[in-house]
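For the sequence shown, counting from 1, position 386 maps to 386 in full-length UniProt numbering; every step adds exactly one. Every residue gets a Cβ at the ideal spot worked out from N, C-alpha and C, and that includes glycine. These numbers were taken from a predicted model, which means no experiment stands behind them. Below is one structure, written out as structure tokens, with a few remarks after it.
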Amino acid sequence: MAGDCLTLWLEENNVIVKQWRDSASYANTFAEKQKLQLLHADLYQLLQKIQGLPATPQSLPLELSVLYNMLIFHIHSTSGFQDEHNKHIAETLSRVLRVCSPGVNVQSNEELWHQLVHGGYSSELAASLHRLAGLQGALWLAEEKLHEVHDLFSLLLHPEDSECSTNLRAEEKLLALLKAWRVSNEAEEKVLVVQPVQQLRDVLYTSAAFLQGILAMEASQHPYAINLFGEAAESLCSGRVLAQVYTCLGFCFQKMEKPQTALQYWKQALHLDFQCLAALYHSSSVYKEMGNVDAELEALNLLYKALLSPEQEAPSTKTCFLIGTEQIVNAPSLTSAVRAPSPWKVKYLIARRCLKNKRGEEAVEHYLDLLALLQDESHQDLLPNPEPLIRIPEVFLETAAGLVLEKRYQDAMTVCEEVLGRTDDLIPGSLSVDSTQSKSNVMAEQLDLVLWASAAHLHQGLSHGLLGDQKESVTEYTKCINLLVKVQFIDTGCASPHCSRGSGDEMEISLIGLCSKEETVLCALKAAAFLGRSQQFLALGKQKESLLNMQLSLQASPAFPGAALTLVGHLIKLGRRTEAASYLKRYQSERKTLADQWEAMKRNLPLYLDPHINHTFPAEDSLIKELEESAEEMQSEAVV
């Protein structure tokens, strides 16, 4: 009776496997998954029949093979490994132990394998047991249990191959063990399986090399990671996995400052699988480092279009087996090297790069697209992803900066009104910030609100001035300054003359320095607002007020570009040559220090301040010439 059951069960298994083989396409379609789920259900019913009777030495090989087939169908149809797969293996191994080593009672999968292999098993059971061990290894690799995988295949190692794992690094030992693992010739078996164990061994080798390469890369062990990725690239894998491996190789070479090699690997990755969009993203960053703006923007634009297009799997990316490295190593969740940002972050990067490189028309187009998206609340969950985007008010402020660059001053002011509408009611009456202590979330938010609103007024002051409305411009600059003096930085303990403290027109020169990005921005905003207001007072014929604001700009930030030279030039025009010469002499003696300070400050300044720090100011040489000429005139008058 038992023999008749075994024959029927064997035939039932083989019929199910043949159904799969006759129609297998390995496509990841809904119909394909549905078919796999039906076949999995048939195998599950078969396994229940087998396990409904006590296990025998004759039935165990078939039981292990049916379990192997059933689990592979389920793993592929559900696109991943689950806890229930380990439980199925544990239950079946316990049945095997009850036959091979009666009386032994262990619980974990690790203990079950150890006890089973050390307790001995028949040669008839070896092929099916090794096959299930390969599946167990895949499950543990997917969970990053490298130590357990190493121990499992050490147990399965043939005695003659025991020296293969000595004198090697832990990662190399695992690869050596997988390479040395002796699997049976399944062509001689009557039972059919859905994935040959030889193929599974090769997939495990690729997966172990890829996973360990990722871990080494994330630990910044780039040369060793490159060796492991090289092993994975030369092993059995789909085009999609190979593209991910090439992307990681490029990432490692980029970190090792070999940009050309990195670009070559990313080019190969995209050739294999154009949906490997991280390669495009990283390419754009290398082009940025190289200063190739055109290539950078081309890569970002291609990336943006690809991110918005429905994913189309290229023929080269189709798998040719049910369990592959795709299921074992979930690379996108493991490392940023194979993740692309959201399309909206890419759109923002394009806009920023255009603005930074004075491509005003392109920048404005991209920024306005972003603003339209932000106005649609249904899409706001897309920002940020996967990395934090810049804060939304800063997107508005950068848009305004682009519009100023394009001389669309009225539009710039309209955008700034959006920022003010979002911030006005939330700004505190005053704010004291201790730069030596960590700011609370509330304090940081309040400080940001002040800076954003101040910048909006600054943009509006510049726009009104460029439109010829000096009075309204002065009003906006004054609003900017009044907001900024609400903030007091205290007890910083710094001693670099980057910025001065004080309030309004009573500000005094100070040697207390900048201790935070926010403080740098605040000082630059003050300097730009005072300097901008001085220009408007000058246009209104208010010489005294203009001069005072020039002095306040210089006090707010001595390193702010143009502050000193504008003051010198104005003093010359007022006939105050002695003061002009004194300021110019002081500026010349401190010019190198001030230039270094400004370079340090610029790294912390937001892009939206660019329109206020890139003006053409009086040239030092022309000022010196004017002073020399006036000195000669004074000497001539004295002689007469």
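Between isoleucine 328 and serine 207, the gap from beta carbon to beta carbon is short of 8 Å. Excluding five sequence positions before and after methionine 443, the CB atoms of its chain that fall closer than 8 Å to its own CB belong to Leu431 and Val433, given in chain order.
Residue pairing for isoleucine 490: DSSP places it in a beta bridge opposite Asp434. Leucine 67 sits close to threonine 92, with the two beta carbons spaced by under 8 Å. Here isoleucine 50 is buried. Its C-beta has 16 or more other C-beta atoms within 10 Å. Leucine 522 places its beta carbon less than 8 Å from that of leucine 451. The Cβ-Cβ distance between phenylalanine 530 and isoleucine 481 falls below 8 Å. Secondary structure at valine 241: helix, using DSSP grouped into helix, strand and coil.
Fully contained in the region 11-35 is no alpha helix (DSSP H) run of length 4 or more. Counting the other CB atoms within 10 Å of its CB gives phenylalanine 30 a total below 16, which places it among the exposed residues.
Here aspartate 202 carries a helix assignment [DSSP, helix/strand/coil]. Annotation for isoleucine 89: the continuous alpha helix (DSSP H) segment containing it runs 83-100.
The continuous alpha helix (DSSP H) containing phenylalanine 530 extends over residues 517-539.
Val183 is the residue among Val183, Lys145 and Leu458 whose C-alpha sits nearest the C-alpha of glycine 134. With respect to the 8 Å criterion, tryptophan 20 and valine 194 are classified as neighbours on the basis of their beta carbons. The straight-line gap separating the alpha-carbon atoms of alanine 219 and cysteine 252 is approximately 11 Å.
An exposed status is given to asparagine 185, since fewer than 16 other beta-carbon atoms sit within 10 Å of its beta-carbon. Taken through DSSP and simplified to helix, strand or coil, tyrosine 121 comes out as coil.
With a threshold of 16 other beta carbon atoms within 10 Å, asparagine 549 meets it and is buried. DSSP places glutamate 148 within a helical segment (H, G or I) once states are collapsed to three. Contact check for tyrosine 281 and leucine 303: beta-carbon distance about 6 Å, within the 8 Å limit, so the pair qualifies. Counting of Cβ neighbours within 10 angstroms places histidine 118 among the exposed residues, the total staying below 16. About 16 Å separates the CB atoms of leucine 236 and isoleucine 72; that is not less than 8 Å, and the two are not in contact. In this chain, the alpha helix (DSSP H) harbouring histidine 464 covers 441-466. Two segments are said to touch when three or more pairs of C-beta atoms, one from each, lie closer than 8 Å; by this definition the region 225-244 touches the region 196-211. In this structure, threonine 325 keeps its C-beta atom at 8 Å or more from the C-beta atom of valine 197. By the Cβ criterion, the region 77-95 is not in contact with the region 152-159, since fewer than three pairs of Cβ atoms, one from each stretch, lie closer than 8 Å. Per DSSP, the unbroken alpha helix (DSSP H) holding aspartate 610 starts and ends at 610-613.
Pairing isoleucine 350 with asparagine 86, the inter-Cα distance amounts to about 47 Å. In the DSSP assignment, serine 582 falls within the unbroken alpha helix (DSSP H) covering 577-602. For the 8 Å CB-CB criterion, proline 259 and glutamate 289 form a contact.
In this structure, asparagine 69 lies away from valine 149, with their beta-carbon atoms at least 8 Å apart. Shown here, glutamate 620 sits in a helix according to DSSP, grouped into three states. In this chain, the alpha helix (DSSP H) harbouring aspartate 411 covers 409-423. Asparagine 109 is classed as buried because its beta carbon has at least 16 other beta carbons within 10 Å across all chains shown. With respect to proline 61, leucine 139 sits apart: the two C-beta atoms are not nearer than 8 Å.
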